[in-house]
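Novice:
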């Protein structure tokens with residue numbers, strides 16, 4: 570399931586956020602359902618080629634948000650959540666946009682600054698405008 574996730578170190582979005590958003594997308598799209606078991610922290614770190622602590626942070630964050638159940642010495646599973654009350658972005662792109670908006674606001678960027686940067690990225694080589 571995680572073989573389709575391609576972590577991009579150069580995207581500007583922290584790796585842990587990319588992974589977290591992908592797991593949220595899998596939950597939202599019901600590709601991961603309540604009770605499904607996630608790979609161990611070590612397994613997923615090896616599979617994605619990232620640091621063990623990165624995956625540990627993702628799992629801690631998802632547990633804090635009530636999306637997974639985990640504990641020392643036991644496998645992490647998808648929590649039994651009410652999807653009607655679950656306010657998650659419908660796609661990984663929306664999750665990244667929400668994170669962008671949060672970071673931009675915390676950084677004091679204006680709406681114009683953010684839009685100019687997005688427009689520039691979209692028009693850059695490799696962007697959607699290419």
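Residue numbers (the numbering used here): 570 to 699.
Glycine residues also receive a C-beta, built at the ideal position from the N, C-alpha and C atoms.
All values reported here derive from a predicted model rather than from experimental measurement.
1) Name the two residues that bound the continuous beta strand (DSSP E) containing residue 640.
2) May I ask which residues mark the beginning and end of the beta strand (DSSP E) holding residue 643?
3) Less than 8 Å separating the beta-carbons of residue 665 and residue 636?
4) Taking all protein chains shown into account, decide if residue 613 is buried (16 or more other Cβ within 10 angstroms of its Cβ) or exposed.
5) Based on Cα-Cα distance, which residue from 649, 667, 662, 678 lies nearest to residue 605?
6) When you compare only the Cα positions, how much space is there between residue 681 and residue 667?
Specialist: So, to answer that:
1) As a working note, residue 640 is residue 71 in the chain shown. Membership of residue 640 in the beta strand (DSSP E) is indicated by the continuous run 637-640.
2) Along the chain shown, one-based indexing puts residue 643 at 74. First-last of the beta strand (DSSP E) with residue 643: 643-647.
3) For the purposes of this step, residue 665 is taken as residue 96 along the chain shown, with counting starting at 1. For the purposes of this step, residue 636 is taken as residue 67 along the chain shown, with counting starting at 1. No, Cβ-Cβ distance for residue 665 and residue 636 is not below 8 Å.
4) In the chain shown, residue 613 corresponds to position 44, counting from 1. Residue 613 should be labelled buried.
5) Here the question's residue 605 lines up with position 36 in the chain shown. The residue with the shortest Cα to Cα distance from residue 605 is 649.
6) As a first step, residue 681 must be located in the chain shown, where it is residue number 112. As a first step, residue 667 must be located in the chain shown, where it is residue number 98. For residue 681 and residue 667, the distance between alpha carbons rounds to 16 Å.
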